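So the sequences go chain by chain: A and B.
Mapping the first sequence onto this note's numbering, position 165 (from 1) lands on 314, and the numbers just tick up by one.
Mapping the second sequence onto this note's numbering, position 65 (from 1) lands on 1013, and the numbers just tick up by one.
Scroll down for the structure; my scribbles are underneath it.
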Amino acid sequence: MDTLSHLIEIKDIYKSFGDLSVLRGVSLNVSAGEILGIIGASGSGKSTLIRCINGLEATQRGEILIKGQRLNSSREAVNVRKKIGMVFQNFNLFPHYTVLQNITGPCRVVRKLSKKSAEELGESLLEKVRLKDKMAQYPGNLSGGEKQRVAIARVLAMEPEIILFDEPTSALDPELAYEVFDIIKLLAEDGMAMMIVTHQIGFIKNLAHLILFIDNGKIACSGNPDYILNECNHPHLQDFLMRLRENI
Amino acid sequence: MELNFDTVIRNLPLFWQATLITVKITVLAFVFALIIAFTVGVLRSYKIPGLFKVLLAVYVEIFRGTPLLIQLFFIYYGLPSVGIIMDAFSAAVIGLALNGGAYMSESVRASILSVSKGQEEAAYSLGYNKLEAIWHIILPQAIRVAIPPLMNGFSSMLKETSLVSVISITELTRTGNLIYSRTARPFEIYLTLGLFYFVLTFSIVLLAKQIERKERRWIL
């Protein structure tokens, strides 16, 4: 296959923290517009995988190519990250900025937009995530679901080609999680490429083109949602799915 | 004993003059100490070359581990032996700034550590480089945490200026001593001196409250 058509290519990466090896030979490709769900037990390495993709963690072996560009020094990481958005479990909004400034700040520093065009962009994105009425508030006054929607708007303002979600709803009550899912669905309709680490199988199965089951630092099983949920007979996946269903 | 404040009242102009010198030394030394504290505090919070790191640690530990009085003597009387000569005022400001900067750099370092790792990661993931992340995201949050200890350092420094009287600067304490030696009214003079210092440090407390209130507009 033509390698240039891939947004992200991961070739056999390894990552360990001291003696603990977290990723043990992971390879995958993501194309424009593709939505990947990543599932797996806690500690299986799924968060580490997406943290490696935007350089928040350095890999020890293998390589990661973003639009064909190698990611192995911190200077390159700064440029590559501009193409990749990241949404965190704990939101990580900037508490000293208002909701609007959380969007305009990065636009001005990173994209060098003028104050006026940053504000116009910020307001239109807050409209998209239905939070325009909160734009003068500080994040400390928002609910978790609202914070995550601001975080998504902030990422969109950087015009990324792919967005990585690291358990975007794990810190939220179920009814707040839906607010966030609704926004992610909107992005899917716009054709945004996404990698979503989540435990919410019910949500991801209707959205993802491909689901990866990570087990023990490796991709144990991958396929379309139907295959993962019903056909793949990897014993750990069966256990994992059973435990999730018991919790419902 | 009979109190008699006539001496004090007659010498009030001298006290005012001395207050001005105390304030001048304190403010100058504090500004320099802040510059030192932020430079050293930020550098020591991040990965820097080993030799540089050791040098900064040595600076901080030496100035925190020896008496300010000795540091002032060394700068004013000791350094001329190796050809570094300066007037008493400069020696006082430099001594207080280096001493205060060492202490305050630790407050700055602690305040930077108090900002969660996620903030830095969020900034990087949005495309900020290291300097931009420190300047726009980490420091503004750290400063709020650092304000109370830094203002505390400010008022400590004001009180410590009384030590520079020993290198013959006619600030408040030395002025008091001189008036005492002429008038033998220690009770009234030192009471007045204490009052002057108290009013000055209390002004700093009020200023600190004002700044903290302004910073409290956002919550975590």
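Glycine residues also receive a C-beta, built at the ideal position from the N, C-alpha and C atoms.
Computed from a predicted model, the values in this text were never measured in an experiment.
Here the alpha carbon of E268(A) sits roughly 32 Å from the alpha carbon of F986(B).
I188(A) is positioned such that its CB atom lies no closer than 9 Å to that of I333(A). If you ignore the 5 residues before and after L356(A), its C-beta comes within less than 8 Å of the C-beta of I184, G186, I333, K334, A337 and I345, all in its own chain and listed in chain order.
Across the set V229(A), K232(A), G293(A) and V175(A), the C-alpha of V175(A) shows the shortest separation from the C-alpha of Y163(A). Taking the Cα of K160(A) as reference, the smallest distance to any Cα among D375(A), S170(A) and C201(A) is reached at C201(A). Under the 10 Å beta carbon count, L1111(B) is surrounded by 16 or more other beta carbons and is classified as buried.
Taking a 10 Å sphere around the C-beta of V1008(B), we find 16 or more other C-beta atoms and assign the residue as buried.
Within 10 angstroms of the beta-carbon of Q218(A) lie fewer than 16 other beta-carbons, which makes it exposed. Using a Cβ-Cβ cut-off of 9 Å, W964(B) does not count as an interface residue toward chain A, since no Cβ of chain A sits closer than that to its own.
Given a length threshold of 4 residues, each whole run of the alpha helix (DSSP H) inside the stretch 1057-1099 of chain B is given here in chain order: 1065-1074. Beta-bridge pairing by DSSP links S371(A) to L361(A). Of all residues in the stretch 233-248 of chain A, the ones placed with a Cβ closer than 7 Å to any Cβ belonging to chain B are M235, F237, N239, N241, F243, P244 and H245, in chain order. The same chain holds no residue with a CB closer than 7 Å to that of A1058(B) once the five nearest residues on each side in sequence are set aside.
About 4 Å separates the beta carbons of E316(A) and Q238(A), which is inside the 8 Å limit, making them a contact pair. E268(A) sits in a helix when the DSSP states are folded into three classes. For G211(A), the enclosing beta strand (DSSP E) covers residues R210 to I215. One thing to note: K281(A) has its Cβ within 9 Å of the Cβ of E272(A).
One Cα belongs to Y327(A), the other to L1004(B), and the distance between them is close to 51 Å. Within the same chain, and ignoring the five residues on either side of R230(A) in sequence, the residues whose Cβ sits closer than 8 Å to its Cβ are N203 and G204. Look at P1088(B): its C-beta is under 9 Å from a C-beta on chain A. By the neighbour-count criterion, in which 16 or more other beta carbons inside 10 Å mark a residue as buried, V1147(B) falls on the exposed side.
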